[in-house]
Amino acid sequence: MRAHCKAHREEIDRKEEETLRKARLRRLFGVKWMKQMYGFDIEIEGASCYFGGMSVYKGGVDCPLVARLYAKVGLHRYNMLEGTNLHLREIEKYNLVCIPMPVSYYITLLAEDPIDQTSLGQMDFSCYISRPKGIKSEIYPKQFFDAVDLPGKWPSKEAFADKTRFLYKMQESDWEEHDWIRLYTEIAFFNSDRWLNHNLSDLKILNVVVETEENLPHETVLKSFRNVLVYIRYDQYLGADGVCKHIAIVRRTVELTTHCVCLFGESLLVPDSE
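The sequence shown begins at 78 in my numbering and counts up by one.
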């Protein structure tokens with residue numbers, strides 16, 4: 078009986094200590110302190126994701142798809158701003174803040190240039206910061222969201238004939254060179270149903286149209302970090318079940334002062350009759 082009571086008391090003490098530890102971590106990861114650390118350079122694991130806390134996760138091969146896609150978006154923003162062509166090598170860790178909504182990801186990753194192998198240390202979301210580790214951002218921007226409805230369909234012949242709209246048809250070589258088009262496709266597809274077991278390698282891009290807010294030389298459309306509306310026709314191969322046809326529509330909005338980028342999009346099924 079005494080041994081049982083002692084074990085029970087030790088279990089209660091352990092739970093109380095764990096509760097106190099989580100409370101200390103929640104105080105440690107207060108909003109003001111997280112902003113000072115930019116959410117990235119926090120190394121303590123085990124922080125609860127309740128009551129505005131931050132959870133710290135290791136990266137590696139088991140890193141969830143959503144974290145990998147968001148890491149690529151951060152790299153995309155950095156590449157567009159800096160004129161680089163860095164690719165994701167691996168995710169070292171990611172920090173997750175669940176409250177207040179929306180969920181915020183702070184991802185530390187390794188990127189490399191595929192040429193010289195030089196390494197550096199309804200879908201709706203925004204990327205505020207993307208920088209090499211050790212370089213501080215001077216501006217911590219406020220959240221902003223894109224609330225304008227999407228077109229919901231592929232541009233018509235009349236749209237291409239409209240002189241007040243600027244629509245550019247892309248070639249296969251264009252989306253092969255600018256891999257962010259593939260990234261936008263994958264994000265729109267993933268966000269159409271996050272609970273599915275997505276196989277992104279089964280997606281094949283067929284046609285791409287980019288709409289801009291002003292008349293630009295064709296060769297600069299994909300290189301410019303501007304507001305654009307991207308229309309993407311793609312197939313999803315289902316093996317013996319055939320092919321499922323989709324249209325992804327993604328609007329990119331760039332805040333001029335902070336260069337925060339907001340992606341707002343959707344993936345629509347194409348009826349067999351089309």
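Ideal Cβ placement from N, Cα and C applies to all residues, glycine included.
For S250, tell me which candidate among W231, T262, E296 and L277 has the shortest Cα-Cα distance. Locating residue 250 in the sequence shown gives position 173, where the first residue counts as 1. Answer by Cα proximity: E296.
Run through DSSP, which three-state label would D312 get? Here residue 312 corresponds to residue number 235 of the sequence shown, with the count starting at 1. The answer is strand: DSSP assigns D312 an E or B state.
Taking buried to mean at least 16 other C-beta atoms within 10 Å of its own C-beta, is F341 buried or exposed? Sequence index remark: in the sequence shown, residue 341 carries index 264 (1-based). Classification for F341: buried.
From this set, G137, L165 and M157, which residue's C-alpha is nearest N304's C-alpha? Residue mapping note: residue 304 aligns to position 227 of the sequence shown, counting from 1. Checked all of G137, L165 and M157; the closest Cα to N304 is M157.
For Y329 and V286, what's the separation of their Cα atoms in angstroms? Taking the first residue of the sequence shown as position 1, residue 329 is located at position 252. Taking the first residue of the sequence shown as position 1, residue 286 is located at position 209. According to the sequence provided, residue 329 is Arg. The question's Tyr does not apply to it. Their Cα atoms are separated by approximately 14 Å.
Can you tell me whether F221 is buried or exposed, with buried defined as 16 or more other CB within 10 angstroms of its CB? For the purposes of this step, residue 221 is taken as the residue at position 144 of the sequence shown. Low per-residue confidence applies at F221: pLDDT is 48, beneath 50, and the placement is therefore not dependable enough to give any value.
Tell me H164's beta-bridge partners as DSSP assigns them. By one-based count along the sequence shown, residue 164 stands at place 87. Answer is E189.
What first and last residue would you give for the alpha helix (DSSP H) that runs through G229? Along the sequence shown, one-based indexing puts residue 229 at 152. Looking at the DSSP string, G229 is not in any alpha helix (DSSP H), and its letter there is neither H nor E.
Should W257 be labelled buried (16 or more other beta-carbon atoms within 10 Å of its own) or exposed? On the sequence shown, position 180 is the one that residue 257 refers to. Label assigned to W257: buried.
In whole angstroms, give me the CA-to-CA distance for L277 and A236. For the purposes of this step, residue 277 is identified with residue 200 of the sequence shown, where counting begins at 1. For the purposes of this step, residue 236 is identified with residue 159 of the sequence shown, where counting begins at 1. If you take the alpha carbons of L277 and A236, they lie about 31 Å apart.
Looking at C-alpha atoms only, which residue of I326, P294, I168 and A238 is the closest neighbour of T262? Counted from its first residue, the sequence shown places residue 262 at position 185. Cα-wise, what sits closest to T262 is I326.
Are there 16 or more other CB atoms within 10 angstroms of the CB of R145, so buried, or fewer, so exposed? Within the sequence shown, residue 145 is the residue found at index 68, counting from 1. Counting Cβ neighbours within 10 Å, R145 comes out buried, since at least 16 surround it.
Cβ shell of D201 (< 6 Å), same chain only, five flanking positions each side left out: For the purposes of this step, residue 201 is taken as the residue at position 124 of the sequence shown. Annotation note: pLDDT 45 at D201 (below 50); position unreliable, coordinate value reported separately. So the qualifying residues of the chain are F341.
What's the call for N274, buried or exposed, on a 16-neighbour Cβ count within 10 Å? In the sequence shown, residue 274 corresponds to position 197, counting from 1. Result: exposed.
How long is the line joining the alpha carbons of N162 and S233, rounded to whole angstroms? To locate residue 162, count along the sequence shown from 1; it is residue 85. To locate residue 233, count along the sequence shown from 1; it is residue 156. About 33 Å.
What's the call for E288, buried or exposed, on a 16-neighbour Cβ count within 10 Å? Within the sequence shown, the letter at position 211 stands for residue 288. So E288 counts as buried.
Those runs of the alpha helix (DSSP H) which lie wholly inside the stretch 131-163 and span at least 4 residues: 142-159
Count the other CB atoms, across all protein chains shown, that sit within 10 Å of the CB of R91; report buried if there are 16 or more and exposed otherwise. As a first step, residue 91 must be located in the sequence shown, where it is residue number 14. So R91 counts as exposed.
Contacting residues, own chain, Cβ-Cβ under 7 Å from L142 (five flanking each side not counted): In the sequence shown, residue 142 corresponds to position 65, counting from 1. Only F267 and H275 meet the Cβ criterion.
Decide if Y171 is buried, meaning its Cβ has at least 16 other Cβ atoms within 10 Å, or exposed. As a working note, residue 171 is residue 94 in the sequence shown. Y171 is buried by the Cβ-count criterion.
At 3 residues or longer, and completely inside the stretch 230-260: list those beta strand (DSSP E) runs for me, N to C. 243-247
Skipping 5 residues on each side, what residues in its chain have a beta carbon closer than 7 Å to that of Y311? Along the sequence shown, read from residue 1 onward, the residue named residue 311 stands at position 234. Taken in chain order, the residues that qualify are T262, L280, K281, I282, L283, H323 and A325.
Less than 8 Å between C-beta atoms, sequence neighbours within five positions excluded: which residues of the same chain meet that for L315? The sequence position of residue 315 within the sequence shown is 238, counting from 1. So the qualifying residues of the chain are D279 and C321.
In angstroms, rounded to a whole number, what distance separates the CA positions of Y127 and I309? Position 50 of the sequence shown, counted from the start, is the residue given in the question as residue 127. Position 232 of the sequence shown, counted from the start, is the residue given in the question as residue 309. With a pLDDT of 46 at Y127, under the threshold of 50, the modelled position of that residue is not reliable, and no figure is offered here.
Can you give the Cα-Cα distance for R242 and E343, rounded to whole angstroms? Translated into positions along the sequence shown, residue 242 becomes position 165. Translated into positions along the sequence shown, residue 343 becomes position 266. Going from the Cα of R242 to the Cα of E343 covers about 21 Å.
So, are the CB atoms of R166 and A188 less than 9 Å apart? As a working mapping, residue 166 is identified with position 89 in the sequence shown. As a working mapping, residue 188 is identified with position 111 in the sequence shown. Cβ distance < 9 Å, so R166 and A188 count as in contact.
Can you check which of these residues, H164, L306, I168 and E291, is closest to W231 by C-alpha distance? Stepping through the sequence shown from its first residue, residue 231 is reached at position 154. Residue L306 is the option with its Cα nearest to W231.
Is DSSP giving N268 helix, strand or coil here? As a first step, residue 268 is located in the sequence shown; it is residue number 191 there, counting from the start. Looking at N268 - three-state DSSP - the assignment turns out to be helix.
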